[in-house]
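The opening residue of the sequence shown carries number 1121 in the working numbering; numbering runs sequentially from there.
Ideal Cβ placement from N, Cα and C applies to all residues, glycine included.
To start, the structure under review is shown below, and the notes come after it.
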Amino acid sequence: MPPNNTGLTSTWIFESLLFGGYLITKRDGVIDGMYFCVYPESGNITCPSGLEQPVKINSNYAYTVLPNNTLLIAQIEYNNTWRLHVIDLPKQTERGNGYFNTNIKSTYPEIHSSINSDITNISIDFYKPVTLSSDVDGKILIYQKIGQKIILRQKTFATQCKLDNDDTRVIIDILNSTFSKSGGIYFVKIENNFVKDRNYREPLLGVKENVWSFTIEDKKMTYTFTSSTTGLFRLTEKGTEYCEGLSDDKQNKFFDELLDELADAVQILRNRLSKYKNYQIDPNSNKSKQKKFLISIKIEETKNEYEKDVDTVIKDISYMMSNNNQTPIGNHQLAYLDSNYGFNPAPDYWQEYKFKLLGILLILIALIVLFILASIREKKGQNIAIFKFALFIFDFIADILFLTNNADDVRELYIPSIIFFTIPIVFNTIFAFLIIIKENKKSEFSHWFMENSKFASIFTILAGVDVEILGILESNIAGFKVFQAPLSDSVRKKIFWGAFSNLFIEDIPQLIIQICYRISVITYDIIPILSLTSSSINLIINIVGRLYQAIIYVRKRRLQPLSIIERDDELIKDTK
């Protein structure tokens, strides 16, 4: 029996020993000492021989039990010297088997064994039946050891495991990403309370780091070369809030650390990952009022056939994000990545939008056919106006789609986008109606208008897109009478200057907005690309057309001196 409690504190502390039994201790505050005894499961308490009880100990009451059941007791310090009592505590069992845990009978794989990377599960056999812990700290962890660096490969909670063999065996499924690369040293750490004794519901000890270790055989796997690609991650709301509160330098450090961890997680060289300097708010999170940042990551290709190719890296990232509660993606900086969003590679525009692109191609072919048929029917007609009209409508539709779907991706561009979309429409619509109203006062045009009132009304409304559409009414496309409007020289002049004005209130501002948008965002969408393309083509055609008309005007003016009024009239005729 331990010493009686006379003059001592009344509390005994029980500590479980690796090789069975308990170390029981009690402080003696009178002489700065402690009692040390062993309580085996048989119930016969003994105190180590050769120790004068209570044992004098330093003021911190420092002691520890080593994994081999050796008790170390720190002695009182004198003149900057210190000593240790070293006592071999009696072992109640020899069951350790190298795991420093008398509850474990064996494991698969065995300690210091070598296995293939395609292993699908590992297992632990216990001497007695156990039950899986439902506590948060009940988990098993698999680490990879590279030199002095330790990288988490898998974290599995007890509730995600299975029992077998009359509850004496625990089976842990291995994720595809855990040993996704052959070769390397790994070890398994079992947390205390991973399992409990089935009969007593008592938490059992685990296995410490670097004890249950094994090697993955280094079988050189070859990969197919694939080109570099970029893709999008989305930060969680918490990650966005954290990132937004950092200075520029700390943000750069945050993203560097994130890429360091990502490279370790997918087992590739760090220099194959880089981040696009900008980030943007996810438009979908804007709508839900939960601001989340999108970041663009580039995965570089490799010329080493034994290194993971880009496609394999993407698959590993996606797999780990879908299992983020068990993979490195759910830890440290990587925990700020939104697993619901995943990793979205830059799309193959043909695969993503092939039906839309095919639709545009078919429309273009149809326009070419119409142009050919119109030219056959009337060679002298300005049949090129077919393409001109189609471009105006296409540009207008692209602007609407951009405004409704993309403009608010960059808040600073949203208001300018609305302004430079609305003002040209208002300007062109009013201008077109004023032209038609004034021209209707002339009998020749009025007669044509009465015969083609519906057609003329439609084109007047469409001229709100660009006033130059009115000029198509006199283009004589395919020789149709509806395209033979007798427009006066003054109308041609007004259309010319109206189209010239559109350069400054629509074409140039919209192109600038499109360029700024492209620089600012990192998302991938075909609408901004089409809008940028149509704006560029429209601007080029408008500038070249105006310059061409100006050159013709200057040349004719040099050839034939005319009055000011005649020069204006001649310029308008040239624009016809």
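Can you give the Cα-Cα distance for residue i and residue j, rounded to whole angstroms?
| i | j | result |
| --- | --- | --- |
| Val1185 | Leu1209 | 9 Å |
| Tyr1469 | Ile1646 | 8 Å |
| Gly1618 | Asp1627 | 12 Å |
| Glu1135 | Gln1387 | 41 Å |
| Leu1137 | Leu1252 | 22 Å |
| Gly1304 | Ile1336 | 5 Å |
| Lys1505 | Phe1603 | Going by the sequence as given, residue 1505 is Ala instead of Lys. Straight-line Cα distance between these residues: approximately 10 Å. |
| Leu1482 | Leu1533 | 33 Å |
| Phe1507 | Asp1529 | 32 Å |
| Ile1193 | Ala1385 | 42 Å |
| Leu1414 | Asn1398 | 9 Å |
| Pro1323 | Asp1255 | 10 Å |
| Gln1195 | Lys1301 | 50 Å |
| Phe1334 | Gln1173 | 44 Å |
| Gly1359 | Glu1381 | 15 Å |
| Glu1214 | Asn1223 | 11 Å |
| Phe1491 | Ile1592 | 14 Å |
| Lys1316 | Asp1293 | 20 Å |
| Lys1425 | Ile1434 | Sequence inspection shows Glu at residue 1425; the Lys mentioned does not correspond to that position. Taking the straight line joining both Cα atoms gives about 17 Å. |
| Ser1416 | Ala1494 | 49 Å |
| Lys1574 | Lys1601 | 14 Å |
| Arg1612 | Leu1477 | 36 Å |
| Ser1243 | Asn1443 | 20 Å |
| Ile1488 | Gly1365 | 56 Å |
| Asp1694 | Pro1536 | Low per-residue confidence applies at Asp1694: pLDDT is 48, beneath 50, and the placement is therefore not dependable enough to give any value. |
| Ile1615 | Ile1625 | 15 Å |
Given a threshold of 16 other Cβ atoms within 10 Å of its Cβ, counted over all protein chains shown, does residue i qualify as buried or as exposed?
| i | result |
| --- | --- |
| Thr1298 | buried |
| Ala1182 | exposed |
| Pro1187 | exposed |
| Ser1563 | exposed |
| Met1441 | buried |
| Pro1544 | buried |
| Arg1321 | exposed |
| Tyr1668 | exposed |
| Met1570 | exposed |
| Ser1595 | buried |
| Phe1509 | buried |
| Thr1227 | buried |
| Leu1352 | buried |
| Asp1436 | buried |
| Thr1422 | buried |
| Trp1568 | buried |
| Thr1276 | buried |
| Tyr1247 | exposed |
| Phe1375 | buried |
| Gln1634 | buried |
| Thr1131 | exposed |
| Ser1655 | buried |
| Asp1284 | exposed |
Quick one: measure Cβ to Cβ for residue i and residue j, integer angstroms, because I've assumed they're closer than 8 Å.
| i | j | result |
| --- | --- | --- |
| Ile1144 | Ile1151 | Actually they are not in contact, since the Cβ atoms of Ile1144 and Ile1151 sit about 19 Å apart, beyond 8 Å. |
| Tyr1065 | Val1327 | Shown here, the chain extends from 1121 to 1696; a query on residue 1065 therefore has no answer. |
| Pro1648 | Arg1638 | 7 Å |
| Glu1498 | Gly1584 | About 28 Å; that fails the 8 Å criterion. |
| Tyr1306 | Ile1262 | 6 Å |
| Asn1189 | Phe1139 | 5 Å |
State the start and end residues of the unbroken alpha helix (DSSP H) segment that holds residue i.
| i | result |
| --- | --- |
| Cys1636 | Ile1628 to Ser1640 |
| Glu1135 | First-last for Glu1135: Ile1133 to Ser1136, but that is the beta strand (DSSP E), not the alpha helix (DSSP H). |
| Phe1307 | It is not in any alpha helix (DSSP H) - Phe1307 instead sits in the beta strand (DSSP E) that spans Ile1305 to Ile1310. |
| Asn1622 | Asp1609 to Asn1622 |
| Asp1380 | Asp1368 to Val1386 |
| Phe1277 | Unbroken run through Phe1277 is the beta strand (DSSP E), Lys1269 to Phe1277; no alpha helix (DSSP H). |
| Thr1643 | Note, Thr1643: premise wrong, no alpha helix (DSSP H); not H, not E. |
| Phe1579 | Ser1573 to Leu1582 |
Taking residue i as part of the beta strand (DSSP E), name the residues at either end of that continuous run.
| i | result |
| --- | --- |
| His1205 | Leu1204 to Asp1208 |
| Tyr1183 | Tyr1183 to Val1185 |
| Phe1353 | Thr1349 to Arg1354 |
| Leu1252 | Val1250 to Leu1252 |
| Ile1291 | Arg1289 to Asp1293 |
| Glu1357 | Run containing Glu1357: none in the beta strand (DSSP E); it sits in the alpha helix (DSSP H), Glu1357 to Glu1364. |
| Val1315 | Val1315 to Asp1317 |
| Phe1334 | Val1327 to Ile1336 |
| Asn1241 | Asn1241 to Phe1246 |
| Ile1262 | Lys1259 to Ile1266 |
| Ile1224 | Ile1224 to Tyr1228 |
| Ser1394 | Leu1393 to Ile1401 |
Please specify which runs of the alpha helix (DSSP H), each continuous and at least 4 residues long, are wholly inside the segment 1483 to 1569, giving them in chain order.
1505 to 1525 and 1531 to 1559
Please list the segments of the beta strand (DSSP E) lying wholly inside the segment 1407 to 1449, counting only runs of 3 or more residues, in order along the chain.
1413 to 1419
Which ranges would you report for the beta strand (DSSP E) in the segment 1139 to 1194 if only whole runs of at least 3 residues count?
1142 to 1148, 1153 to 1159, 1183 to 1185 and 1190 to 1194
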